[in-house]
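Protein chains in written order, with this note's numbering: chain H, 1 to 497; chain Y, 1001 to 1150; chain U, 2001 to 2346. Where a beta carbon is used, it is the ideal one built from N, C-alpha and C, also for glycine. Note that the coordinates shown come from a computational prediction; the quantities given were computed from them, not determined experimentally. A short worksheet on the structure shown next.
Laid out in structure tokens, this is it:
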């Protein structure tokens, strides 16, 4: 017990508190800026940590990670420009809330659900890391493939009214994900002779194009009118009460569990988690606006999204298997500090690891405080004149897309997807399935092709092998529920009427 | 609405067909997955075309194929063209200057109140915002292309 | 006026949502293909005590054709301050990732060959991808300058695996069960694949390569979960892993404690197969020979620097220097070894 108090005391040392605060603030900024991923933020700041103690270094980088997951939602909610691809799901409900004049409420909810997601995952990291880590090993090729398929079933509930159109868009995303170097043969495909396309279609230009750029087109479709006095007065920040801190305990809990599990699975991260959580919420919600400006929707996405931080850190710290790109960079930071990931971190090096985990807890508290206090000010962004706001969103889209890897071609790609996204919205197509296809396509293809290789290239043998794998069976059941649920609920509603 | 689904269905079908044909040149292992997806995509788009084609004739209101009026089309094309030129000039003129100029142009074109006071305000705001954002990204370690100017 | 203030304020607020305070690192993460200016007299490379007299520009752009935070990027950032001291120039790191490094390398080759642009890379985009004929450049478009690291590859199995206690048992299994032995690697045509496949191919042996595009960590999970039997991995990525056991050294004999007993292919009776992951600097074809000499000398001095050695020892940074002649020889050999297996893939 005294040992634990000692770790907490280390975490609360002035030095570590300062690093946690600076890290959280930097993380929120990095997260909110489109195109500046938490991975880049941490990579760039690693040299800064060479000179400080290992604990402080980890606290600093971990705080950046936590802060950035929340930061991404700020720009997603206010200007429909997800700062990170993980925040793309939040934009669905969050931006719709902003359009209804509820930006402040959405930001507060985002901060709170992020906080609870972060806390649950930190606790799991603290107490359950070694046993949970071995769960990652169970995910072989077949499980990855089923996981991706399950993710794709989200399209069904996302586009319940026109599933065919939704699935069409999902396939478009999956095909786009095939461009570049294929995961089986390692050969180049669908590049039409372009070196640029060899690197594949990047996520960020597509997301920014489909979400932000197309939104600019929609907003500026008609001449901007002088904002009337009334419309400006209409905005008022909603009152924060104690209730807001713990509004949806069930959502926070279940969404965090989803985020944690998805985080532990290698190769999946916040983007998958928030869509899966949002989809789960769809089954439980009674809110008719769900998916279209519902506070619950924001809560589901953000809690899952932030629970991923602790989830990805579990295999990273215990096994040295980074759950996503960001933790891969954190892993290199660990090695540079002379630490070796593995069980040793929880035994011989525990005076570094445990204060680090405690400090993540503190970083989450700071993040929530900044988010709630700042929400009122962030939300005023929506009061800016429409022409100015949209031009700046355009600027952010251009600079953000460029920043991701310093490529002007990516910015052109962003524009192309902006136009495509705008046209698709005009013709009443949902663009979210494209993003889902892009995220999940590579996971599905790699899983399927590896399973085929290991099963003598026989599709039958692959599916037969799945029936003996428990995780595959569970995922299959989840798929069935996810696909059939929208129809069951429609049927029930009809019966009630 | 169904008329529009019918037409977009054809466009998307063509997209899948293009990738399906291209996948013929690939090695079987690399072509397998894209082929499955393209096949699914073609079936779905075909279904979309057939369903909307059948419903189209029964539809009461025959909406136009293109859901925009000439003014909206004009503005959309202008915005696309401006952004394209902007991106083209990024590395030739310089990232900061070109972005600043094009942001200002877009703000001014859409400025509802056409007087000097508002124009000046727009320009001042643009300059402040651009420089701050640019400084921000630079401090975070992004290098921007320099053309003739900054 | 009120309106002006309010919109200026809201603009500032948009900004504040993006920024509360600026700070942090000041080194570059990415940039476009435009080369930085090479004007201005730089400090002479003789600062590092070399014989070659050449004026380096003030700023040298180092293209790392992988994303910020990748292994190669971290290595570059690690040696950056020490190398800057010996070069007498500022190094700006330009991360241009994508397509296993081919995009960044393609971009690099089109830049000015005036000494102000240099590439720091693994052999995948400089040797293996061009050897398979997919790139617009060939290995001859690059001039090897100096090598920083040379990491032997290993075939490794799970520590809990009783079936393969040593390298000999693996080779016997492969001979007796053609096509049944599975080994994971970080992608077909990549160095981890070529390391074992080139040996199998030349010896007429057959084992099943299973590519995991998620990289070594993915391969490790697959091995530990029992989904594949083994994986091909470099020494630095095995350091400190007690749950994995290297059984065959596919590269040069290692002297690192814990690895010196792993038999090489030559010791198992197969001469002529050595694959190492080597990260090093390359100039593009057409650069003045004096720059190559001077840069190489600065790298050599850096890797002998006391301060660097102390920091490297503390951070487990493995370095194996080779001068430009030895490095060029290694690049040439690696390309020759890889060509048959890469051609078979196409």
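Considering residue i, what are the terminal residues of the beta strand (DSSP E) in which it resides?
i               : result
residue 2281(U) : 2276-2284
residue 2120(U) : 2117-2121
residue 2182(U) : 2182-2185
residue 48(H)   : Per DSSP, residue 48(H) belongs to no beta strand (DSSP E) and is neither H nor E.
residue 2394(U) : Outside the displayed range of chain U (2001 to 2346) lies residue 2394(U), so it cannot be described from this structure.
residue 2151(U) : 2142-2158
Nearest to residue i by alpha carbon, out of the options?
i               : options                            : result
residue 2201(U) : 2339(U), 2190(U), 2229(U)          : 2339(U)
residue 2195(U) : 2276(U), 2286(U), 2136(U), 2141(U) : 2276(U)
residue 1133(Y) : 463(H), 403(H), 56(H), 10(H)       : 403(H)
residue 109(H)  : 301(H), 287(H), 391(H), 141(H)     : 301(H)
residue 2230(U) : 2245(U), 2239(U), 2240(U), 2241(U) : 2245(U)
residue 69(H)   : 368(H), 247(H), 140(H), 425(H)     : 368(H)
residue 198(H)  : 2292(U), 2306(U), 2099(U), 2152(U) : 2099(U)
residue 85(H)   : 470(H), 337(H), 38(H), 466(H)      : 38(H)
residue 1065(Y) : 165(H), 160(H), 427(H), 409(H)     : 427(H)
residue 2261(U) : 2289(U), 2203(U), 2167(U), 2162(U) : 2167(U)
residue 385(H)  : 1106(Y), 1147(Y), 1131(Y)          : 1106(Y)
residue 2233(U) : 2225(U), 2227(U), 2218(U), 2226(U) : 2218(U)
When you compare only the Cα positions, how much space is there between residue i and residue j?
i               : j               : result
residue 382(H)  : residue 1110(Y) : 17 Å
residue 387(H)  : residue 50(H)   : 45 Å
residue 2164(U) : residue 2256(U) : 22 Å
residue 289(H)  : residue 492(H)  : 18 Å
residue 136(H)  : residue 2145(U) : 41 Å
residue 451(H)  : residue 188(H)  : 21 Å
residue 176(H)  : residue 190(H)  : 9 Å
residue 2064(U) : residue 2073(U) : 6 Å
residue 978(Y)  : residue 436(H)  : Chain Y is shown from 1001 up to 1150; residue 978(Y) falls before or after that span and cannot be answered.
residue 1120(Y) : residue 226(H)  : 17 Å
residue 80(H)   : residue 277(H)  : 19 Å
residue 5(H)    : residue 360(H)  : 16 Å
residue 1029(Y) : residue 155(H)  : 27 Å
residue 128(H)  : residue 144(H)  : 23 Å
residue 2316(U) : residue 2178(U) : 39 Å
residue 2156(U) : residue 2286(U) : 41 Å
residue 2309(U) : residue 53(H)   : 20 Å
Quick one: give me the first and last residue of the alpha helix (DSSP H) that residue i is part of.
i               : result
residue 271(H)  : 270-284
residue 175(H)  : 163-178
residue 1043(Y) : 1028-1058
residue 2201(U) : 2191-2202
residue 288(H)  : Premise fails: residue 288(H) is in no alpha helix (DSSP H) and is neither H nor E.
residue 500(H)  : There is no way to answer for residue 500(H), as the model of chain H reaches only from 1 to 497.
residue 252(H)  : 249-264
residue 1972(U) : This structure cannot settle anything about residue 1972(U), because the visible part of chain U is limited to 2001 through 2346.
residue 2321(U) : Neither: residue 2321(U) is in no alpha helix (DSSP H) and is coded neither H nor E.
residue 22(H)   : 14-32
Within a Cβ cutoff of 8 Å, which residues of the same chain sit near residue i, ignoring the five residues on either side of it in sequence?
i               : result
residue 2030(U) : The predicted model places residue 2030(U) with a pLDDT of 34, which falls under 50 and marks its position as unreliable; any figure quoted below should be read in that light. Counting only Cβ-Cβ distances below 8 Å, and skipping sequence neighbours, we find 2068, 2094, 2095, 2096.
residue 24(H)   : 63, 64, 66, 67, 363, 366, 367, 370
residue 207(H)  : 82, 85, 88, 435
Considering only residues of the same chain and omitting the five flanking positions on each side of residue i, which have a CB-CB separation below 6 Å?
i             : result
residue 41(H) : 30, 64
Under 7 Å Cβ to Cβ from residue i, same chain only, skipping five residues before and after it: list those, please.
i              : result
residue 151(H) : 272, 275, 276, 436, 440
According to a CB-to-CB cut-off of less than 8 Å, which residues of the stretch 172-199 of chain H neighbour chain U? Contact residues of the stretch 172-199 of chain H toward chain U are 180, 181, 183, 184, 185, 186, 187, 188, 195, 196, 198, 199 (C-beta to C-beta distance below 8 Å).
Can you pull out the residues from the stretch 118-148 of chain H whose beta carbon lies closer than 8 Å to at least one beta carbon of chain U? Answer in chain order: 136, 137, 138, 139, 140, 141.
Would you list, in chain order, the members of the stretch 2122-2140 of chain U that have their beta-carbon closer than 7 Å to a beta-carbon of chain H? Taking 7 Å as the Cβ-Cβ cut-off, the stretch 2122-2140 of chain U approaches chain H at 2134, 2136, given in chain order.
Listed in chain order, which residues of the stretch 2099-2123 of chain U have Cβ atoms closer than 7 Å to some Cβ of chain H? Against chain H - using a Cβ distance shorter than 7 Å - the residues of the stretch 2099-2123 of chain U are 2099, 2100, 2102, 2103, 2106.
In the stretch 389-405 of chain H, which residues sit with their C-beta less than 8 Å from some C-beta in chain Y, listed in chain order? Look at the stretch 389-405 of chain H: the residues with a C-beta under 8 Å from a C-beta of chain Y are 390, 391, 392, 394, 395, 396, 398, 399, 402, 403.
Which residues, in order along the stretch 2063-2074 of chain U, keep a beta-carbon less than 9 Å from a beta-carbon of chain H? For the stretch 2063-2074 of chain U, which is checked against every Cβ of chain H, the residues closer than 9 Å are 2067, 2068, 2069, 2070, 2071, 2073, 2074.
What are the residues of the stretch 2303-2335 of chain U that lie near chain H, defined by any Cβ-Cβ distance shorter than 9 Å? If the cut-off is 9 Å between Cβ atoms, the stretch 2303-2335 of chain U has 2311, 2314, 2315, 2316, 2317 near chain H.
Taking only beta carbons into account, state which residues of the stretch 314-339 of chain H come closer than 7 Å to chain Y, listed in chain order. Within the stretch 314-339 of chain H, no residue has its Cβ closer than 7 Å to any Cβ of chain Y.
Residues in the stretch 1045-1073 of chain Y with C-beta within 8 Å of chain H's C-beta atoms, listed in sequence order? Residues are counted here when their Cβ sits less than 8 Å from a Cβ of chain H; for the stretch 1045-1073 of chain Y these are 1045, 1047, 1048, 1051, 1067, 1068, 1071, 1072, given in chain order.
Anything in the stretch 2190-2210 of chain U with a Cβ closer than 9 Å to a Cβ of chain H? List those residues in chain order, please. From the stretch 2190-2210 of chain U, only 2190, 2193, 2208, 2209, 2210 have a Cβ closer than 9 Å to chain H.
What are the residues in the stretch 257-271 of chain H lying within 8 Å of chain U by C-beta distance? Taking 8 Å as the Cβ-Cβ cut-off against chain U, the residues of the stretch 257-271 of chain H that qualify are 266, 267.
What are the residues of the stretch 453-467 of chain H that lie near chain Y, defined by any Cβ-Cβ distance shorter than 7 Å? Those residues of the stretch 453-467 of chain H that come within reach of chain Y (Cβ to Cβ, closer than 7 Å) do not exist; the list is empty.
Counting only Cβ-Cβ distances shorter than 8 Å, please list the residues of the stretch 1011-1023 of chain Y near chain H, keeping chain order. From the stretch 1011-1023 of chain Y, only 1012, 1015, 1016, 1019, 1022, 1023 have a Cβ closer than 8 Å to chain H.
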